[in-house]
Amino acid sequence: MYTSQSFGFDGPDFYNTVLLIHTIYTPQDVLDKLKNIESEMGRSVKVTDHYESRPIDLDIIFYDNIQFQSERLVIPHKHWQERNFVVLPLLDFCKEWEIENESIHIGNIASKMEPLEPVDDFEITLSRKRYPIQRHNFIAIEGNIGSGKTSLTHKIGEDFTGKEVLERFADNPFLPLFYKEQERYAFSLEMSFLADRYQQLHDEIGQQDLFKEFTVADYYVVKSLIFSKITLSEEEYTLYKRLFYMMYKELVKPELYIYLYQTEERLLANIKKRGREYEQDIQTDYLMEIQKGYADFIKTQDSLKIKVIDVTELDFVNKHEDYITILDQINS
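All residue numbers for the sequence shown refer to the UniProt record's numbering, where the first residue is 1 and numbers rise by one.
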C-alpha cells in the first residue's frame, strides 16, 4: 500500500495497491464484479471529463498472459506503465510479467519513476479481519476418505499464512497391501500410521516457524483410533488403544477441530475422480463405518472446540463462493 498525490487535480492523497487474485471468472466477468464493488462502496458514474476524488477506483492491469481488447476493457491496461502508483506496488510481488511469450521487466520501468511513500502497518484489514483464522494456533481438519481435508487445509494455509501439516499416507508401504488383504495387514498399517502421525505432529506443532502465523493439519492423531477400531480385531484394538493413549497425552491438542461431512455417495464419487488405484475398491459400508466412528468421537468430546461442516453440496476448490461459505461457518 502506497500514498500518492492526487492525479490531475488538487485533492487529498490517494491510497494505491495492487492485488494478485486467482479467479475462475473471465476478464469481462471480473470487470463486472469490480464495477459492482465500486458501486456498493459509493462510487458514482462520472458526469464530467475532469479528474476528481472517488472513494474507490478498481482496474484490471493484467489477466494471466493474454492481450484483450473490447469496447469496455483493454488488457494490459493501456496506461499502467505511465503511473508509479501502479508500477511500484506491482513490483512488490512481481519483477516481470509474461504477455504472450514476451517478458515485461517491471523493475526496469520502476527504476525510472519517482518513489512513493509506503503506508506502514496496513497489515491486512481485509479477509483477516472478517476471518481471523490465525487466532487459532493449531487447527485440525478431519473427515472421511475423499471429503476434501487436504484441499481445504492447503487453501486455508495459503490464504492465511498458515503452516501446512499434510499426512504422509503416500509413503506408507502397507496402505496398498491393506486394501488388498485387510485382515492380514491391518495391525501393521495402523501401527505404522500411529507412529508416523505422532512423530509428524510432535515435530511440526512443536517447531516454531517465523514465517507462519499458525498451523493447520489435514488430520489429527485421533484418526488412528477411529480407523483402527474398524480394521482391527477386538484383541488387537485393545492393545492398540493402550499404546495410543500413551502417545496421545504427549501431543498438543488443536484449538479448533473441523470435521468435513459428505454423504457416502459423494465420497465415492470423489474417490473415483481422484483416481488413486488402491482406493478404487473402497465400499460404501466401509465409509459408513468411518462416518459412524467420527460421529461417536465428536459426541463424546467436551474438551475440543469442534465445527462440523456439511460440504456435500459445496465445491470449495472451484467455486470461491463455496469456500467463503466454509470460512463463514468456521468463524460463526
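Quick reminder that beta carbons are idealized off the backbone N, C-alpha and C, glycines included.
Report task. Find the nearest neighbour of Leu19 within the set Lys33, Asp92, Thr3, Ile37, judged by alpha-carbon distance. Result -> Of Lys33, Asp92, Thr3, Ile37, the residue nearest in Cα terms is Asp92.
Query - Best match in Lys78, Glu255, Leu175, Lys249 for proximity to Lys192 [C-alpha to C-alpha] - result: Note on identity: in this sequence residue 192 is Ser, with Lys being the wrong assignment. Per the Cα distances, Leu175.
**Report entry** Nearest neighbour of Asp159, chosen from Tyr185, Ala110, Thr215, Arg168 [CA to CA]
**Finding:** Residue Thr215 is the option with its Cα nearest to Asp159.
Requested in this report: Could you check which residue in Glu255, Phe187, Gln262, Pro27 has the C-alpha nearest to that of residue 382?
Outcome: Here the chain has residues from 1 to 332 only, and residue 382 is not among them.
Requested in this report: Just list the alpha helix (DSSP H) runs in the stretch 186 to 255, keeping only unbroken ones of 4 residues or longer that don't cross its boundaries, in chain order.
Outcome: For the stretch 186 to 255, the continuous alpha helix (DSSP H) assignments of 4+ residues that do not extend past its boundaries occur at 222 to 231, 234 to 248, in sequence order.
**Report entry** Residue from Ser224, Ile324, Val252 whose Cα sits closest to the Cα of Arg242
**Finding:** A check of alpha carbon separations from Arg242 across Ser224, Ile324, Val252 identifies Ser224 as the nearest.
Requested in this report: Assign Val30 to one of three DSSP states: helix, strand, or coil.
Outcome: Of the three classes helix, strand and coil, the one that applies to Val30 here is helix, per DSSP.
Query raised in the report: Rounded to a whole number of angstroms, what is the C-alpha to C-alpha distance between Lys155 and Leu287?
Result: Each residue's Cα considered, the two are about 25 Å apart.
Query raised in the report: Apart from the five residues on each side of it in sequence, which residues of its chain come closer than 7 Å, Cβ to Cβ, to Ile323?
Result: Sequence inspection shows Tyr at residue 323; the Ile mentioned does not correspond to that position. If we look at Tyr323 and ignore the five residues flanking it on each side, its Cβ neighbours are Lys155, Phe316.
Report task. Report whether the distance from the Cβ of Lys273 to the nearest heavy atom of the ligand GTP is below 6 Å. Result -> In the structure on display, the ligand GTP does not appear, and there are no ligands present to speak of.
Query raised in the report: Do you know how far the Cα of Tyr220 is from the Cα of Val30?
Result: Using only the alpha carbons, I get a separation of about 38 Å.
Query raised in the report: Under a three-way DSSP split, which group does Asp310 fall into?
Result: Asp310 carries a strand assignment under DSSP once its states are collapsed to helix, strand and coil.
Query - Span of the beta strand (DSSP E) around Gly162 - result: Where Gly162 is concerned, the enclosing beta strand (DSSP E) stretches over 162 to 165.
Requested in this report: Could you tell me if Ala170 is buried or exposed, where buried requires 16 or more neighbouring beta carbons within 10 angstroms of its beta carbon?
Outcome: Under this definition Ala170 is an exposed residue.
Query - Three-state class that DSSP yields for Tyr15 in the structure shown - result: Three-state result, Tyr15: strand.
Query - As assigned by DSSP and simplified to three states, the class of Thr153 - result: Helix, per DSSP.
**Report entry** For Gly107, the nearest candidate out of Ser4, Trp97, Glu204 (CA to CA)
**Finding:** Nearest of Ser4, Trp97, Glu204 to Gly107, Cα basis: Trp97.
**Report entry** Cβ separation of Leu314 and Thr300, assumed to be a contact under 8 Å, to the nearest whole Å
**Finding:** Between the beta-carbon of Leu314 and that of Thr300 there is about 27 Å, and that puts the pair past the 8 Å contact cut.
Query raised in the report: Of the choices Leu194, Ala269, Asn270, whose alpha-carbon is the least far from that of Leu239?
Result: Selected option, being the one with the closest Cα: Leu194.
**Report entry** Endpoints, the beta strand (DSSP E) within which Ile104 is located
**Finding:** 102 to 105 is the extent of the beta strand (DSSP E) around Ile104.
Query - Of the residues Glu190, Ile230, Gln182, Ile66, the one placed nearest Ser102, counting alpha carbons only - result: The question names Ser, but residue 102 is Glu in the sequence shown. The residue with the shortest Cα to Cα distance from Glu102 is Ile66.
Query raised in the report: Of all the options Asn270, Asp209, Asn172, which has the alpha carbon lying nearest to the alpha carbon of Ile145?
Result: Of the listed residues, the one whose Cα sits closest to Ile145 is Asn270.
Query - Three-state secondary structure assigned by DSSP to Ile75 - result: Residue state for Ile75 is assigned as strand, using DSSP reduced to three classes.
Query raised in the report: Any idea what DSSP makes of Ile141, helix, strand or coil?
Result: In this structure, Ile141 counts as strand in the three-state DSSP scheme.
Query raised in the report: So what's Gln329 in DSSP terms, helix, strand or just coil?
Result: If DSSP states are grouped into helix, strand and coil, Gln329 belongs with the helices.
Query raised in the report: What's the call for Ser147, buried or exposed, on a 16-neighbour Cβ count within 10 Å?
Result: Buried, since its Cβ has 16 or more Cβ neighbours within 10 Å.
Query - Paired residues, beta bridge with Ile258 - DSSP - result: Beta-bridge partners of Ile258 (DSSP): Ile141, Lys307.
Report task. Could you please give the first and the last residue of the uninterrupted beta strand (DSSP E) stretch that includes Ile24? Result -> Per DSSP, Ile24 belongs to no beta strand (DSSP E) and is neither H nor E.
Query raised in the report: According to DSSP, is Phe85 helix, strand or coil?
Result: Helix at Phe85.
**Report entry** Per-residue burial, Arg197 [other beta carbons within 10 Å of its own, 16 or more giving buried]
**Finding:** Buried, since its Cβ has 16 or more Cβ neighbours within 10 Å.
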